[in-house]
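Visitor: The structure that follows is given in the form of structure tokens.
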Amino acid sequence: MAKYDYAQPVLGMPDLMEIMLRKGAIGRKGPGGFYRIIRTEDKKQSETVTETGDYRPTDMESLALAKSLSFNRLLDDAGERGQFVWDFLSGIIVYTLEIADQIANSPGDIDTAMRLGYNWRWGPFELLDKIGVARFAAHLEQQEKPIPKRLRQMLEAGQECCYRQVSEPREMLGFDGEYHAIARSKHQFQLADYKGAGTPVLKTESGALWDLGDGVGCLEFATKLNVLDPGVVELIHQLVDRAPTHLRALVIGGDGAHFSAGADLTFFLDRAHAKLWSEVDDFLAQLQQALAGLRDAPFPVVAAARGLALGGGCELLMHCNSAVAHAELNAGLVEIGVGLIPAGGGLKTLCMNWDSLDQDPLTIFENLIFGQVSGSAQQAKKFAYLKPANPIQMHPQRVLASAKQHALTLANDFKPTSSRSTTFDGVARFNQLSQHADDFYQQGKLTEVDVAIAQSMARVLSADHSQTEVSEAELDRLERYYFLEHLKQPTTQQRIEHMLKTGQRLRN
């Protein structure tokens, strides 16, 4: 504990928390906390506590707006949002600067503790770098607040950041006022450690290919939640077509909390409103080819998967030759929630491997028609989104490093795959899946819209009742065809609009 913690005298119990405790509002294990979820038969409603301890509907539009703004745009906001962000962050950063050397050996220890222990994206010193040392000091002066001693020393020494990368390796400003090299471990590192050391091998606005050393590249997406927009798809095509000769293996991932939240729904909705169906079909074809290109690349492709791997992100995961997954991975083909079917090769992959699935195929189909998301990496294996042999990493910050080591191991005797065909009784498979979906409809667990989508997925998985040899190209075509058929429906567009507006699934 700090010898003197200047915040202790003012950190009393807020009146609101006293009120909440009296009402038993202790969080999820009670009737609610600062937020609560009210569930009815057809929807979930988020509510937020008020100053009196009562609840009101959460202002989802304001939350969505705040999430849509970049970090610096929030800071630049001249209204209440910007003021709140400044007040909140400046209090944390000033407090940290005052007591840091009394509670830790280095600023990096504090940043790491806040990221790993409290799931912060950036620690206090990393936040200071994001804002800028001079900018932060100027803001404090504008607010007529005292400049912390450590911040003043940085300004006087011309030190513009807490972390810097002049050469290899990255450096951190210590409590002694000097920069020190940050030791890099093969068991744990950040992509940022490599990004600051040089230029990317390949770069577009949607992402970049970085050199992790030892002949391993790392493909990082720059889109929000790593969504697969046309720019990302084009980047993958460029990588497959122009892969450097020294590349022995590829890792897909980065420092962000999520692998990929799927395709860009706004892209589909905008084109649906404009009836630009050929553009959607072209994009889906490019996506299918890009993911197949990764799968069939002359080097192993390993996903560093943590957080969310949903929709197209899950299909990307399924196309990688292997994956290192965080134990709490949330993966799923959730397209039915927005009125669509998977169309990035996910259904094709399941169809090609149908007879070798570890889980009962009917259970796999249930996961699809209910949009089930795995609660763990182990469950993702049961859902057939991960392969049985994929390693699972308990430590989220070690996923990227583990993926690199796993990729190197695979590279030693790697043999590329290629597209193939399959033969099965499509009529029997379709009838079985169709009946399974209808049973759930009769039980009231699926709506008519859900059943129509389930029937389309059954048609793809059965290759439209085929009883002859089926190629991957034909399954790709069926995915695109039924995807477009549903995108044209008003009910699907309503589902997409509702999801974009509220973040919740619409049952229509």
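Using the working numbering, you'd call the opening residue of the sequence shown number 836 and step up by one each time.
Ideal placement from N, C-alpha and C gives every residue a C-beta, glycine not left out.
Values in this document were obtained by computation on a predicted structure and should not be read as measured data.
1. Who does T1400 pair with in a DSSP beta bridge?
2. Would you tell me roughly how many angstroms separate the C-alpha atoms of P981 and R908, rounded to the nearest one?
3. Label N1202 either buried or exposed according to how many other C-beta atoms from any shown protein chain fall within 10 Å of its C-beta, with 16 as the threshold for buried.
4. Got a sec, what are the start and stop residues for the alpha helix (DSSP H) D1046 sits in?
5. Who pairs with A1138 in a beta bridge, going by DSSP?
6. For E933, count neighbouring Cβ atoms within 10 angstroms of its own Cβ and tell me buried if that reaches 16, exposed if not.
7. Evaluate S1020 with the Cβ neighbour count: other Cβ atoms within 10 Å of its Cβ, from every protein chain shown; 16 or more gives buried, anything less gives exposed.
8. Helix, strand or coil for H1015? Go by DSSP, reduced to three states.
9. Give the DSSP-derived three-state secondary structure of Y1220 in the structure shown.
10. With 16 as the cutoff for other CB atoms within 10 Å, does W1112 come out buried or exposed?
11. Quick check for students: name the residue ranges of the alpha helix (DSSP H) that lie wholly in the region 1219-1270, counting only runs of 4 or more.
12. DSSP has A1166 in a bridge; who is on the other side?
13. What did DSSP end up calling E882 once you bin it into helix, strand or coil?
14. Do R1083 and V1062 come within 8 angstroms of each other at the CB atom, strictly closer than that value?
15. Using a Cβ-Cβ cut-off of 7 angstroms (strictly less than) and excluding sequence neighbours within five positions of H1022, which residues of its own chain qualify?
16. So, does the CB of F1024 fall closer than 8 angstroms to a CB anywhere in chain B?
17. For P892, report the span of its beta strand (DSSP E) as first-last.
18. Expressed to the nearest angstrom, what Euclidean distance is found between the alpha-carbon atoms of A913 and P1035?
19. Taking all protein chains shown into account, decide if Y870 is buried (16 or more other Cβ within 10 angstroms of its Cβ) or exposed.
20. Quick one: measure Cβ to Cβ for A1144 and S1211, integer angstroms, because I've assumed they're closer than 8 angstroms.
21. My parser needs the beta strand (DSSP E) runs of 3 or more residues fully inside the region 1163-1206; what are they?
22. Which whole-angstrom value describes the C-beta separation of I928 and L962, a residue pair presumed to lie in contact below a C-beta threshold of 8 angstroms?
23. Going by the DSSP bridge assignment, what does C1053 pair with across the sheet?
24. Closer than 8 angstroms is the cut-off here; do at least three beta carbon pairs connect the region 1208-1226 with the region 1161-1171?
25. Using beta-carbon positions only, say whether L1026 and C997 come within less than 8 angstroms of one another.
26. Under three-state DSSP, which class holds A1098?
27. May I ask you to report which of helix, strand or coil DSSP gives E853?
28. If we require 4 or more residues per run, which alpha helix (DSSP H) segments fall completely within the region 955-1033?
29. What separation, rounded to the nearest whole angstrom, lies between the Cα atoms of T875 and S881?
30. Between Q1194, V1169, Q1121 and P1226, which lies nearest to F1205 when the distance is taken from Cα to Cα?
31. Return the CA-CA distance between N1188 and S1291, expressed in angstroms with no decimal places.
32. Kindly indicate which residue of D911, H974 and T947 has the alpha-carbon position closest to the one of G926.
33. Any heavy atom of the ligand FAD inside 7 angstroms of the beta-carbon of A860?
34. Using the Cα positions of M848 and R891, report the straight-line distance between them to the nearest angstrom.
35. What's the gap between the Cα of F971 and the Cα of Y1029?
36. With 16 as the cutoff for other CB atoms within 10 Å, does E1417 come out buried or exposed?
Guide: On the basis of the supplied data:
1. Residue 1400 cannot be examined here, being either before or after the span of the chain that is shown, 836 to 1343.
2. Distance between P981 and R908, taken at the CA atoms: about 25 angstroms.
3. It counts as buried.
4. From DSSP, D1046 is part of no alpha helix (DSSP H) but of the beta strand (DSSP E) over G1042 to D1046.
5. For A1138, which the question treats as bridged, DSSP gives the partners I1087 and A1158.
6. So E933 counts as buried.
7. The residue is exposed, with fewer than 16 neighbouring Cβ atoms inside 10 Å.
8. H1015 falls in the strand class under three-state DSSP.
9. In the structure shown, Y1220 sits in coil (DSSP, three-state: anything other than H, G, I, E or B).
10. That one is exposed.
11. Secondary structure in the region 1219-1270: the alpha helix (DSSP H) runs of 4 residues or longer, each lying completely within the stretch, are 1234-1246 in chain order.
12. For A1166, which the question treats as bridged, DSSP gives the partners A1144.
13. DSSP, reduced to helix, strand and coil, places E882 within a strand of the structure shown.
14. No; because the gap between Cβ atoms is not below 8 angstroms, this pair is not in contact.
15. Same-chain partners within the cutoff: R1233 and A1236.
16. Judged by its chain identifiers, the structure shown contains no chain B, having just a single protein chain.
17. P892 -> beta strand (DSSP E) spans Y890 to P892.
18. The alpha-carbon separation between A913 and P1035 amounts to approximately 36 angstroms.
19. Its Cβ having fewer than 16 others within 10 Å, Y870 is exposed.
20. Contact doesn't hold; Cβ gap of about 12 angstroms is too wide.
21. Whole beta strand (DSSP E) segments, 3+ residues: 1165-1167.
22. Contact between I928 and L962 is confirmed by a C-beta separation of about 6 angstroms, below the 8 angstroms threshold.
23. Note: C1053 sits in a beta bridge opposite W1045 and V1086.
24. Contact between the region 1208-1226 and the region 1161-1171 is present: 3 or more CB-CB pairs across the two stretches fall below 8 angstroms.
25. It is not a contact, given that the beta carbons lie outside the stated cut-off.
26. Reduced to three states, the DSSP call for A1098 is strand.
27. The answer is helix: DSSP assigns E853 an H, G or I state.
28. Taken in chain order, the unbroken stretches of alpha helix (DSSP H) that lie wholly in the region 955-1033 and span 4 residues or more are 959-966, 968-977, 984-991 and 1026-1030.
29. Their backbone Cα atoms lie some 12 angstroms apart in a straight line.
30. If we check each option's Cα against that of F1205, V1169 comes out closest.
31. Roughly 19 angstroms separates the two Cα atoms.
32. Closest option to G926, Cα to Cα, is H974.
33. Absence of the ligand FAD from the depicted structure is noted, as is the absence of any ligand whatsoever, leaving it without description.
34. Going from the Cα of M848 to the Cα of R891 covers about 23 angstroms.
35. Taking the Cα positions, F971 is about 27 angstroms away from Y1029.
36. Nothing in the structure corresponds to residue 1417, since the chain is present only between 836 and 1343.
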